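Take a look at the structure below.
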Amino acid sequence: MTQKNIASITVLGMGGTIAGLAADPKNSKEYIAGELGIADLIKNLAPSNAFQLDVHNVAQINSKDMRVGHWQALLSAVQEAVSKPHTQAVVITHGTDTLEETAYLLQAMGPWPKPLVLTCAMLPANAPHADGPGNLKDALSWALQSTKGVFVVCAGKVHTSEDVQKITTENVDAFTSGPQGCWANWVDGQWHIQARPDAPSSSEPHPSLAYALATKRWPRVEMVINHALNDGAVVRGLLANSHSEETPLEGIVLAGTGMGTASQELEQALQKAVNSGVRVWLSSRCIFGLAHAQANTQWGEITLLSAAKARTALCLSLLAEKEHQS
Ligand code: SIN
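Counting in this note's numbering, the sequence shown runs from 24 upward without gaps.
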């Protein structure tokens, strides 16, 4: 039952460490992610007169195991939530490990008429200083005051889906927005929006929501990294096995050295991939690095996205092409 004149926020649970439990709470490194449902996570929130919550468990996974079906279930739940007139915003609890990819997916599949706010934790729910409850509270507070967009709230910071990247495995402040800093900070009991330039954004084609939800197998796009002694063997292996997999290889994102470069042997292997119809995008493996025209653009397209986000973007772009052709 929903009360009139009070904001309603839909909270969707995806699992992650925020829903994780450690066998021994004092050893917060050994735990299983996604043990608790979303109803358990909101139990400890202080009651509020400012909003009411509508909660749904979408998945209870470790986000490293994200599959197309999980993303489709989330997209579908978001679509349903934002279509309800009384819903003011959607908060999603999610694992940190692939959070930036889900944030990118949601951004790319928008625009949504209401804010979507992802949150997470680095410590399991039963750790003595668990960070999940504070992050969830902050995410609800940001969701109430924010306008449209896809955001990530963690450790008193708001990041946009374009900027956010996980950069540490040890610190509860696990995400960065890059050198330009985060979108907003929680200081002295309120959110302060930072004056900063927008990150370079890329607007790649994406399929309709209906097509993305109806397509069981999304195009296979792999990520390949350049490194010292790289002789291109991984790409040659991918091409050799392409058709023995459930879905053939359709795209490769290179996490290239520096400005998105590859060794000569890797370049040759990627050129072969392009010749056989595989789409190749070039990104940089540097955490704050942007691929640049100095990378060889003869055999690949430059993207300004991080490799992980570029992998999602290329997958959606290929899906959009299929929709167009169908
Ligand atoms: C996960 O991504 O589901 C596990 C790790 C985390 O949430 O920090």
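Ideal placement from N, C-alpha and C gives every residue a C-beta, glycine not left out. All values reported here derive from a predicted model rather than from experimental measurement.
What did DSSP end up calling residue i once you bin it into helix, strand or coil?
i, result
"ARG259", "helix"
"LEU341", "helix"
"ILE61", "helix"
"HIS6", "Nothing can be reported for residue 6: it is not among the residues displayed for the chain, which extend from 24 to 349."
"CYS332", "Here the sequence assigns Lys to residue 332, which means Cys is not the residue at that position. Correct three-state label for LYS332: helix."
"LEU128", "helix"
Starting from residue i, follow the beta strand (DSSP E) in both directions and report where the run begins and ends.
i, result
"THR110", "110-116"
"GLN83", "74-84"
"ALA207", "207-210"
"GLN203", "Counting along the chain, GLN203 falls outside any beta strand (DSSP E), and DSSP gives it neither H nor E."
"GLN217", "From DSSP, GLN217 is part of no beta strand (DSSP E); its letter is neither H nor E."
According to DSSP, what are the bridge partners of residue i?
i, result
"TYR54", "ALA45"
"ALA379", "This structure cannot speak to residue 379, because the chain is shown only from 24 to 349."
"ILE29", "DSSP lists no partner for ILE29."
"GLU324", "TRP304"
"LEU139", "VAL113, VAL173"
"GLY38", "ILE84"
"PHE198", "LYS189"
Tell me where the alpha helix (DSSP H) around residue i begins and ends.
i, result
"HIS93", "91-106"
"THR119", "Premise fails: THR119 is in no alpha helix (DSSP H) and is neither H nor E."
Q: Give every residue whose Cβ lies closer than 5 Å to any heavy atom of the ligand SIN, listed in chain order.
A: GLY39, THR40, ALA56, ASN85, SER86, GLY118, THR119, ASP120
Q. Where in the region 154-192 do unbroken runs of the alpha helix (DSSP H), each at least 4 residues long, occur, reported from the N-terminal end onward?
A. 155-168
Q: Write down every uninterrupted run of the alpha helix (DSSP H) in the region 228-307 whose length is 4 residues or greater and which is fully enclosed by it, in chain order.
A: 232-237, 256-264, 287-298
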